[in-house]
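Enquirer:
Residue numbers (full-length UniProt numbering): 1 to 474.
(1) Going by CA-CA distance only, name the one from 249, 154, 358, 255 that's closest to residue 182.
(2) DSSP on residue 342, reduced to helix/strand/coil?
(3) Going along the chain, which residues of its own chain have a beta-carbon closer than 7 Å to the beta-carbon of residue 315, five neighbours each way excluded?
(4) Grab me the residues of residue 344's own chain with a C-beta within less than 7 Å of its C-beta, minus the 5 sequence neighbours each way, in chain order.
(5) Taking 7 Å as the limit between beta carbons, can you name the residues of its chain near residue 285, skipping five residues before and five after?
(6) Have a look at residue 300 and residue 281 and give me their C-alpha separation to the nearest angstrom.
(7) Would residue 374 and residue 337 be called neighbours here (beta carbons separated by less than 7 Å)?
(8) Using the rule of at least 16 other Cβ atoms within 10 Å of the residue's Cβ for burial, across every protein chain shown, is residue 48 buried or exposed?
(9) Where does the unbroken alpha helix (DSSP H) through residue 544 begin, and where does it stop?
(10) Using the Cα positions of residue 296 and residue 304, report the straight-line distance between them to the nearest angstrom.
(11) To the nearest angstrom, how far is it from the Cα of residue 246 to the Cα of residue 24?
(12) Return the bridge partner residues of residue 46 from the DSSP annotation.
(13) Around the C-beta of residue 389, are 16 or more other C-beta atoms found within 10 angstroms, so that it is buried, or is it exposed?
(14) Can you tell me whether residue 188 is buried or exposed? The criterion is at least 16 other CB atoms within 10 Å of its CB, across all chains shown.
(15) Our contact map puts residue 101 next to residue 39 with C-beta atoms below 8 Å; I'd like the distance itself, whole angstroms only.
(16) For residue 475, tell me which candidate among 53, 211, 103, 421 has the shortest Cα-Cα distance.
(17) Going by alpha carbons, who is nearest to residue 308 out of 393, 61, 353, 328?
(18) Kindly indicate the opening and closing residues of the beta strand (DSSP E) around residue 395.
(19) Name the residue from 363, 364, 341 whose alpha carbon lies nearest to the alpha carbon of residue 353.
(20) Let me make sure I understand the geometry here. Which of 334, 225, 161 has the alpha-carbon closest to that of residue 116?
(21) Measure how close the beta-carbons of residue 212 and residue 114 come, nearest whole angstrom, since I'm counting them as under 8 Å.
(22) Please work out which residues of its chain come closer than 7 Å, Cβ to Cβ, to residue 163, disregarding the five sequence neighbours upstream and downstream, and give them in chain order.
(23) Once the 5 residues before and after residue 408 are set aside, which same chain residues still bring their CB inside 8 Å of it?
(24) Where does residue 288 land, buried or exposed, given buried means 16+ other C-beta within 10 angstroms?
(25) Where DSSP assigns a beta bridge to residue 218, which residues make up the other side?
(26) Starting from residue 57, follow its DSSP beta bridges and name the residues at the other end.
(27) Just to confirm before moving on: does the CB-CB distance between residue 219 and residue 22 stay below 7 Å?
(28) When we look at the beta-carbon of residue 293 and count the other beta-carbons within 10 Å, is it buried (16 or more) or exposed?
(29) Output the distance between the C-alpha atoms of residue 66 and residue 398, rounded to the nearest integer angstrom.
(30) Would residue 369 and residue 362 be called neighbours here (beta carbons separated by less than 7 Å)?
(31) Provide the residue span of the beta strand (DSSP E) that contains residue 387, from first to last.
(32) What span of residues does the alpha helix (DSSP H) with residue 252 cover, start to end?
(33) If you count every other CB in all the chains shown that lies within 10 Å of the CB of residue 173, and 16 or more means buried, which is it?
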């Protein structure tokens, strides 16, 4: 037998580790399948950490578990418009002596469950001022909806006034984070950057947030060869089409999105409409009735290909998150991550299920699993969220790594060479003027050669840019 199921069940009831199980992995790696198998064997209940599955409907496009799968193991946080109305929490499951199994593709949901990284403005407002012996200054109140209607430049300008440290870390185009930081300040009177400093200053805190919420969680990372996974994802899209994906999108479009498009108020950045599929099939769903069948078929095929590309891109983004937020996470509050290779589905029990059960069995006994966790990569230096302005390219760059990449980019080098040619022409113009007997003037109103700035500037890459480091990092 791969593992002692009874032993793990008993350990969970005695509140022995693991406190919860988390299953990470890119879309299409079989996270739900493993969660169901673990849940069936160990009396667990599954909590969906998928921001799209909380909505009712669109079961195909959001890849919800089927009724048959749901009957095998109880699932939570699926099919609700607002997940906060659910009466079930991780604490409730632990009090019932059940093993909570977190599974889903929305990685920041999972991160907020594992670490104390969220700011609870309603609860912590009074606590902060009791500790700091200060009084809140909320200033003008604006709802989140009102803030989101503003442009990024205006949001950034407002944030600079109340929280310059946070403003320096956020790009002017990052409207969501800008609005969130403003909202936190408005609701608490405390700059967002100070909340983050307080979180990281707690015992067990780290560079990306506060301490772990649960001691010794068991985390599985399902990964596969990318070429194999790409083929699997393409096949899954084909299966979704066979299951009625197009009809599902058409029905939802007529009921919820058609009028918005007529009013030119469609939004593919918020709520269920940001699911992969809506943007990709937009042209097909909005094609006029006069459009012929060949044109409709072409638009449909275009949407299918775009959906496959977006799905493959999303899988890479999910894997990148695991590497950056777990395997490269700065600090010591990093739980062990056990990698499970799901490339060969014909050996799934041998390479995925049995190792997972063995790991859980060992942890429940307080023993080291035979399978070693993935090695955490040493980070030489954390990527600081420094604010950089490239005057040559008229571009804001956030982050030291991104800044260095920009300085080495072809576009930046092109502008550097262009500036040098301009400076050279400027120097030649002054030289020819002096040779003709014209005195050189430093009067601000004096004419200058085309392409030459009125203030003398070095043509190096550093002197034509502004670089500002910020001590607080996201």
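Backbone N, C-alpha and C fix where the C-beta goes; we use that ideal spot for every residue, glycine too.
Expert: Working from what's here:
(1) Along the chain shown, one-based indexing puts residue 182 at 182. Out of 249, 154, 358, 255, 154 has the C-alpha closest to the C-alpha of residue 182.
(2) Translated into positions along the chain shown, residue 342 becomes position 342. Residue 342 falls in the coil class under three-state DSSP.
(3) Translated into positions along the chain shown, residue 315 becomes position 315. Cβ neighbours of residue 315 beyond the five flanking positions: 26, 27, 28, 229, 233.
(4) Counting from 1 along the chain shown, the entry for residue 344 is found at position 344. Answer for residue 344: 351, listed in chain order.
(5) One-based indexing of the chain shown puts residue 285 at position 285. 249, 250, 253, listed in sequence order.
(6) Here residue 300 corresponds to residue number 300 of the chain shown, with the count starting at 1. Here residue 281 corresponds to residue number 281 of the chain shown, with the count starting at 1. The alpha-carbon atoms of residue 300 and residue 281 are separated by roughly 7 Å.
(7) In the chain shown, the residue the question calls residue 374 occupies position 374. In the chain shown, the residue the question calls residue 337 occupies position 337. Cβ distance < 7 Å, so residue 374 and residue 337 count as in contact.
(8) In the chain shown, counting from the first residue as 1, residue 48 sits at position 48. Buried is the call here.
(9) Here the chain has residues from 1 to 474 only, and residue 544 is not among them.
(10) Counting from 1 along the chain shown, the entry for residue 296 is found at position 296. Counting from 1 along the chain shown, the entry for residue 304 is found at position 304. Residue 296 and residue 304: Cα-Cα distance of roughly 12 Å.
(11) Mapped onto the chain shown, residue 246 falls at position 246. Mapped onto the chain shown, residue 24 falls at position 24. Distance between the alpha carbons of residue 246 and residue 24 is about 29 Å.
(12) Within the chain shown, residue 46 is the residue found at index 46, counting from 1. For residue 46, which the question treats as bridged, DSSP gives the partners 75, 101.
(13) For this step, residue 389 is matched to residue 389 along the chain shown. Its Cβ having fewer than 16 others within 10 Å, residue 389 is exposed.
(14) Here residue 188 corresponds to residue number 188 of the chain shown, with the count starting at 1. Flag for residue 188 reads buried.
(15) Along the chain shown, one-based indexing puts residue 101 at 101. Along the chain shown, one-based indexing puts residue 39 at 39. About 5 Å separates the two Cβ atoms, so the contact holds.
(16) Since the first and last residues shown for the chain are 1 and 474, residue 475 lies out of range.
(17) Counting from one through the chain shown, the residue named residue 308 turns up at place 308. Measuring from the Cα of residue 308, the nearest candidate turns out to be 61.
(18) Sequence index remark: in the chain shown, residue 395 carries index 395 (1-based). That run of the beta strand (DSSP E) goes 395-398.
(19) Start at 1 with the first residue of the chain shown, and residue 353 comes out as number 353. Comparing Cα-Cα distances from residue 353 to each of 363, 364, 341, the minimum goes to 341.
(20) In the chain shown, residue 116 corresponds to position 116, counting from 1. The shortest Cα separation from residue 116 among 334, 225, 161 belongs to 334.
(21) Residue numbering aside, residue 212 sits at position 212 when the chain shown is read from its first letter. Residue numbering aside, residue 114 sits at position 114 when the chain shown is read from its first letter. Right, the Cβ-Cβ distance comes to about 6 Å (below 8 Å), so this counts as a contact.
(22) What you label residue 163 is simply residue 163 of the chain shown in a count that begins at 1. 181, 185, 191, 192, 193.
(23) Counted from its first residue, the chain shown places residue 408 at position 408. There are no such residues.
(24) Indexing the chain shown from 1 puts residue 288 at position 288. So residue 288 ends up on the exposed side.
(25) Walking along the chain shown from the start, residue 218 turns up at place 218. The partner list for residue 218 (beta bridge, DSSP) reads 21.
(26) Residue numbering aside, residue 57 sits at position 57 when the chain shown is read from its first letter. Answer is none; residue 57 lacks a bridge partner.
(27) Residue 219 sits at position 219 when you count from the first residue of the chain shown. Residue 22 sits at position 22 when you count from the first residue of the chain shown. Yes, they are a contact pair.
(28) Sequence index remark: in the chain shown, residue 293 carries index 293 (1-based). Classification for residue 293: exposed.
(29) Locating residue 66 in the chain shown gives position 66, counting from the first residue. Locating residue 398 in the chain shown gives position 398, counting from the first residue. About 42 Å.
(30) Looking up residue 369 in the chain shown gives position 369. Looking up residue 362 in the chain shown gives position 362. It is a contact, given that the beta carbons lie within the stated cut-off.
(31) For the purposes of this step, residue 387 is identified with residue 387 of the chain shown, where counting begins at 1. Per DSSP, residue 387 belongs to the beta strand (DSSP E) from 387-390.
(32) Position 252 of the chain shown, counted from the start, is the residue given in the question as residue 252. Counting along the chain, the alpha helix (DSSP H) containing residue 252 begins and ends at 245-252.
(33) Start at 1 with the first residue of the chain shown, and residue 173 comes out as number 173. Burial call: exposed.
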